[in-house]
Structure formats: C-alpha cells, structure tokens
Amino acid sequence: MFLKSRNLFLSMLKRLLLQSVCLSFPILIMQLFLFIKPAISKNITKGFIVFSIIVSILFFLGVLIGYYFLTPFLFSFFLGVTEDLSMNTMYNFSDYFQFVFMICLLTGLILEIPAFMVFLTHLGIISPTTIKKFRKFLYPIFCITAVVLTPPDFISDITAMILLISIFEIGLALCAFLENKRKN
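Encoded structure:
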C-alpha cells in the first residue's frame, strides 16, 4: 500500500541505495587501501588485502543475515503482537522497506566489529588487555545502542544486546588469539 504518490519512487531509490552500498563496499575498501598504501609497510599491505576481503565478506554476510533471518523474525514478532491485541495491520511498503533497509545495513555494519578489532590489534594500535579494561564501559554502550536501534519491545532489545556483546566477545577472542600467535 502506498499512502503517497512519491512512496513508490522513494522506495525504489532506497532499494537502489542499499544495492549500491552493498556493491560498492569492496571498491570503497580497496580505494581506502590504495590511499594509505604508500604510507604503510609491505607486511601491513598483505594484511590489509586479506582484511579487505574479510570485511567485504562479513558485510555481505551481515546483510544476508539481516534480510533472511532477522527481518522475518522481527516481522513475525510484530505481526504476532498486533494479532494478540486483535488489531488489523495495514502495511505501508515504504515503511516496511525502511525497516528492512535499516536491519540489513545495521547487521552488515555490526558484523564488521570483529574485523576492525583484529585489524587494529594487528597494527598494534590496540591490545586485548586494553580492550578488556574498557569492557565495563563498552557493555553499557552496547545496551544503549541496542535499545535505541531496535523497535521498542523487550525481546528485540535483549536479542540485539546479546548479539552485540557476542560479536564483541568474538572479536576480543580473535584479538587475543592474534596476540598469542604474535608472541609465539
């Protein structure tokens, strides 16, 4: 259902924006690499190429997870809430697409957290012990982020908090593994 004549056009533009972000993400990473390549050593250059491939794969994986798993789950949850209240739900395509767009983009970006943590550890900018010191400050930030970015219901908030903290802990474990490998 389109409530305004421009909704179809704007929805098409948003879809094209999402597609262009997904398709241009590897190119953006490569251009960033080419920009900083003269200032970094050969060892870091090899690591950045691997990093850019991993980042692109994680972003696409996040978008796919958001589209195929998270969006149907949240959509059926909201549908169940309205059915429990004996209400008829009328869906607006532009609002639905905005919802899907944000879920896909956010899950794509959230899955980048471990890759950036590992990359910064590889460069020596951060260490696992430093990250562990800031854990007590990061957990409340993750909780606030989850509450702000998800729809206003308890299940979505808790699910997002658990996912954010789990992804952070996976990144921390990978950083610790990299640090131990470097020491040995």
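Going by our numbering, the first residue of the sequence shown is number 218, and it counts up by one from there.
From the three backbone atoms N, C-alpha and C, an ideal C-beta is built for every residue, glycine too.
Predicted, not measured: the structure shown is a model, and the values here were computed from it.
CB of residue i within 9 angstroms of CB of residue j, strictly
{"i": "P368", "j": "F295", "result": "yes"}
{"i": "L328", "j": "L249", "result": "no"}
{"i": "S311", "j": "S237", "result": "no"}
{"i": "V280", "j": "C239", "result": "yes"}
{"i": "F351", "j": "L381", "result": "no"}
{"i": "N224", "j": "N305", "result": "no"}
Classification of residue i by the beta-carbon crowding that lies within 10 angstroms, buried from 16 upward
{"i": "F252", "result": "exposed"}
{"i": "I379", "result": "exposed"}
{"i": "P331", "result": "buried"}
{"i": "A377", "result": "buried"}
Euclidean distance between Cα positions of residue i and residue j
{"i": "L422", "j": "N401", "result": "Only positions 218 to 401 of the chain appear in the structure, and residue 422 is not among them; the question remains open."}
{"i": "A390", "j": "G297", "result": "37 angstroms"}
{"i": "T299", "j": "E396", "result": "49 angstroms"}
{"i": "K356", "j": "K349", "result": "Reading the sequence as shown, one finds Tyr at residue 356 and not Lys. So the two alpha carbons sit approximately 11 angstroms from each other."}
{"i": "V364", "j": "K353", "result": "18 angstroms"}
{"i": "F226", "j": "T362", "result": "31 angstroms"}
{"i": "I259", "j": "I384", "result": "The sequence given here places Lys at residue 259; Ile does not occur at that position. Taking the straight line joining both Cα atoms gives about 30 angstroms."}
{"i": "G325", "j": "R232", "result": "15 angstroms"}
{"i": "I343", "j": "A256", "result": "19 angstroms"}
{"i": "F277", "j": "S303", "result": "38 angstroms"}
{"i": "I375", "j": "D301", "result": "21 angstroms"}
{"i": "F394", "j": "F286", "result": "30 angstroms"}
{"i": "L230", "j": "Y284", "result": "18 angstroms"}
{"i": "T347", "j": "K254", "result": "27 angstroms"}
Distance between beta carbons of residue j and residue i, contact taken as under 8 angstroms
{"i": "T409", "j": "I320", "result": "This structure leaves residue 409 out entirely; the chain is present only between 218 and 401."}
{"i": "S269", "j": "I244", "result": "Not really, about 10 angstroms apart at Cβ, beyond 8 angstroms."}
{"i": "L323", "j": "L366", "result": "6 angstroms"}
{"i": "I282", "j": "L340", "result": "Not a contact, Cβ separation roughly 28 angstroms."}
{"i": "C392", "j": "V317", "result": "Not quite, the Cβ-Cβ distance comes to about 32 angstroms (not below 8 angstroms), so this is no contact."}
Best match in the options for proximity to residue i [C-alpha to C-alpha]
{"i": "I387", "options": "F354, P345, K353, I361", "result": "P345"}
{"i": "I372", "options": "S303, N305, S293, N309", "result": "S293"}
{"i": "F333", "options": "L230, R232, G264", "result": "G264"}
{"i": "R399", "options": "L302, T338, T347", "result": "T338"}
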